[in-house]
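According to my numbering, the sequence shown holds residues 134 to 519 in order.
Some notes on the structure that comes next.
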Amino acid sequence: MRLLIVDRVWGQRQKIRNWLVQGGYSATNVLEAEDGVAALELLRQLDFSIDVVLCDWLDPRVDGAALAREVRRLAGAAVDFIAHGEFDSRARERVLAQGAADAIGLPIRPELLMQKLVALEKRRALAKPDASPSNTARFRKLAVDAPSAKPAPLSPELWEALRRNARHAEIHAGTHVPVTPPGARLWWVERGMIAIRETRDDGAEASYRAGPEEFFAEAPFGGASYRSFDAVAEGDSWLCSQDADTVRRAIAASPFLFYYLRNLSTLRLSLYSRTGHSAEKGLSGTVESLPVLDLFQVLHGARRTGVLRLDGREGMLFVQFVEGRIVHAEGLGLVGETIVDRAMSRTAGSFEFYVGPEIPGVRSVTVDTAGLIMRGAQRLARKVVR
Numbered sequence: 134m135r136l137l138i139v140d141r142v143w144g145q146r147q148k149i150r151n152w153l154v155q156g157g158y159s160a161t162n163v164l165e166a167e168d169g170v171a172a173l174e175l176l177r178q179l180d181f182s183i184d185v186v187l188c189d190w191l192d193p194r195v196d197g198a199a200l201a202r203e204v205r206r207l208a209g210a211a212v213d214f215i216a217h218g219e220f221d222s223r224a225r226e227r228v229l230a231q232g233a234a235d236a237i238g239l240p241i242r243p244e245l246l247m248q249k250l251v252a253l254e255k256r257r258a259l260a261k262p263d264a265s266p267s268n269t270a271r272f273r274k275l276a277v278d279a280p281s282a283k284p285a286p287l288s289p290e291l292w293e294a295l296r297r298n299a300r301h302a303e304i305h306a307g308t309h310v311p312v313t314p315p316g317a318r319l320w321w322v323e324r325g326m327i328a329i330r331e332t333r334d335d336g337a338e339a340s341y342r343a344g345p346e347e348f349f350a351e352a353p354f355g356g357a358s359y360r361s362f363d364a365v366a367e368g369d370s371w372l373c374s375q376d377a378d379t380v381r382r383a384i385a386a387s388p389f390l391f392y393y394l395r396n397l398s399t400l401r402l403s404l405y406s407r408t409g410h411s412a413e414k415g416l417s418g419t420v421e422s423l424p425v426l427d428l429f430q431v432l433h434g435a436r437r438t439g440v441l442r443l444d445g446r447e448g449m450l451f452v453q454f455v456e457g458r459i460v461h462a463e464g465l466g467l468v469g470e471t472i473v474d475r476a477m478s479r480t481a482g483s484f485e486f487y488v489g490p491e492i493p494g495v496r497s498v499t500v501d502t503a504g505l506i507m508r509g510a511q512r513l514a515r516k517v518v519r
């Protein structure tokens with residue numbers, strides 16, 4: 134989703150831009166204009182390929198009502214407006230009647246702005262059910278629903294605050310990370326890869342991996358807690374951790390960090406949790422007994438929806454199926470068809486398929502699943518011939 138910020142105050146534009154980028158929007162899709170004339174000119178240059186205009190509605194140099202009328206006259210109803218300003222209830226009703234999709238009072242609360250954008254994106258998606266989902270709208274930190282894609286990276290300023298006086302630890306392959314008790318420190322990986330298995334207080338279980346500049350043991354800082362937690366280094370790794378008081382001060386200075394950690398922990402459960410979605414009987418076992426290629430054919434033919442987890446010495450891989458189609462794959466720091474190919478080449482390890490609803494979000498695999506399986510079979514045949 135592309136956004137245009139219209140505000141005559143440069144500092145306000147930068148503040149909103151930073152909120153959006155920290156919230157997960159691509160910086161290249163957040164544009165700016167200082168007044169209504171500049172905004173209209175930019176929209177014309179872009180052939181009105183902007184989804185949402187965020188504007189200071191009441192500023193006479195912006196004149197949100199006039200801008201909205203002109204945009205609708207030229208581009209129809211394809212561009213939505215979110216107004217901000219000093220609104221009482223009557224002024225807000227007037228602004229909505231003048232063409233704004235929503236209105237936010239001052240001072241702007243970043244979490245409210247992001248929630249308004251989430252709601253607007255959903256309305257736009259429902260209005261155009263056949264349209265491709267936005268691959269740039271990431272708004273995941275403050276979304277009401279569970280996120281379905283990795284949050285955008287933290288800002289350099291937040292990383293600097295977390296790294297200041299952080300504790301460093303070198304962990305050798307196979308070593309358990311001393312995360313005791315969970316919640317006493319926030320951990321992240323500087324180098325290497327950590328395999329994590331956790332059980333939340335509500336019984337939800339998740340298994341995932343954390344790589345460079347990825348947090349783990351973060352749930353207590355996002356409002357959740359653990360019943361059990363285990364983290365093991367897959368290779369020699371360099372880790373950092375910060376004490377809880379410093380993390381809380383960073384959260385107080387930038388509430389985005391709280392939402393970032395909360396939704397990151399929610400994301401892990403939404404993708405890899407066993408809660409309510411037990412593995413179907415017959416869809417867990419070893420790769421030696423049921424090769425991955427055959428497993429893919431079973432899931433494809435049966436039109437299964439869920440997430441397949443593959444465990445092995447090389448690390449964990451995750452493959453998402455929707456009605457038998459492979460739509461996303463990730464692992465080893467990579468995503469897409471490369472991971473599908475690596476999965477089919479595995480000859481040892483274990484697998485488990487978690488039945489569940491379709492998870493909306495990133496779609497890294499676009500090749501037809503039958504074609505992927507055929508390609509894997511041909512590659513396997515060439516190995517046998519050799």
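Backbone N, C-alpha and C define an ideal beta-carbon position, used for all residues, glycine too.
Check: Going by C-alpha to C-alpha distance, which of L207, A377, D140, W190 sits closest to E171?; Outcome: Strictly speaking, residue 171 in this sequence is Ala, with Glu absent from that position. Cα-wise, what sits closest to A171 is D140.
Check: Excluding five sequence neighbours on each side, which residues of the same chain lie with their C-beta closer than 6 Å to the C-beta of D376?; Outcome: R318
Check: State buried or exposed for T419, treating a residue as buried only when at least 16 other CB atoms are found within 10 Å of its CB.; Outcome: exposed
Check: So, with DSSP's three-state summary, where would you put Q375?; Outcome: strand
Check: Go ahead and label M507 buried or exposed: buried means 16 or more other beta carbons lie within 10 angstroms of its beta carbon, across all protein chains shown.; Outcome: exposed
Check: Should D135 go down as buried or exposed, given a rule of 16 or more other Cβ atoms within 10 Å for buried?; Outcome: Just to set this straight, residue 135 is Arg in the shown sequence, not Asp. By the 10 Å Cβ count, R135 comes out buried.
Check: Let's see if you can read the secondary structure: which residues bound the beta strand (DSSP E) around D474?; Outcome: Looking at the DSSP string, D474 is not in any beta strand (DSSP E); the run it does join, the alpha helix (DSSP H), is 470 to 477.
Check: Return the chain-ordered ranges of every alpha helix (DSSP H) run that is complete within the segment 208 to 238 and spans a minimum of 4 residues.; Outcome: 222 to 230
Check: Throw me the rounded Cβ distance for the F486 and S417 pair, which I believe falls under 8 Å.; Outcome: 7 Å
Check: Nearest by alpha-carbon distance to R475: which of L505, R458, R515 is it?; Outcome: L505
Check: Please look up how many angstroms separate the CB atoms of W371 and H301, rounded, as I've assumed it's under 8 Å.; Outcome: 7 Å
Check: How should A435 be labelled, buried or exposed, when 16 other C-beta atoms within 10 angstroms of its C-beta is the threshold for buried?; Outcome: exposed
Check: Taking all protein chains shown into account, do 16 or more other C-beta atoms lie within 10 angstroms of the C-beta of L179, making it buried, or fewer, making it exposed?; Outcome: exposed
Check: Taking the CB atoms as reference points, tell me whether G439 and M477 lie closer together than 8 Å.; Outcome: no
Check: Looking at the unbroken beta strand (DSSP E) that takes in W321, where does it start and where does it end?; Outcome: 318 to 324
Check: Distance, Cα to Cα, T308 vs V380?; Outcome: 25 Å
Check: Could you check whether V212 and V186 sit closer than 8 Å to each other, using their CB atoms as the reference points?; Outcome: yes
Check: Hey, is the segment 333 to 340 in contact with the segment 287 to 295, meaning 3+ C-beta pairs nearer than 8 Å?; Outcome: no
Check: Quick check: what's the CA-CA separation for V228 versus D192?; Outcome: 13 Å
Check: Between L200 and L173, how many whole angstroms is the CB-CB distance? I'm expecting something under 8 Å.; Outcome: 6 Å
Check: I need the straight-line Cα distance from I215 to Y392, nearest angstrom please.; Outcome: 22 Å
Check: Using the beta-carbon count (16 or more within 10 Å), is V177 buried or exposed?; Outcome: It should be pointed out that residue 177 corresponds to Arg in this sequence rather than to Val. When all chains shown are included, R177 counts as exposed.
Check: Considering only C-alpha positions, which residue in the set A233, E447, Q430 is nearest to M326?; Outcome: E447
Check: Only counting the same chain, and skipping five residues up and downstream in sequence, which positions put a Cβ closer than 8 Å to that of V500?; Outcome: E470
Check: Cβ atoms of E323 and P353: under 8 Å apart, would you say?; Outcome: no
Check: Quick one: what's S417 bridged to in DSSP?; Outcome: E485
Check: Apart from the five residues on each side of it in sequence, which residues of its chain come closer than 7 Å, Cβ to Cβ, to L390?; Outcome: L291, A383, I384
Check: Tell me whether T161 sits in a helix, a strand or coil according to DSSP, three-state version.; Outcome: helix
Check: Between the alpha carbons of V468 and A462, how many angstroms are there, rounded?; Outcome: 5 Å
Check: Buried or exposed: which applies to P243, given that a residue is buried once 16 or more other Cβ atoms fall within 10 Å of its Cβ?; Outcome: buried
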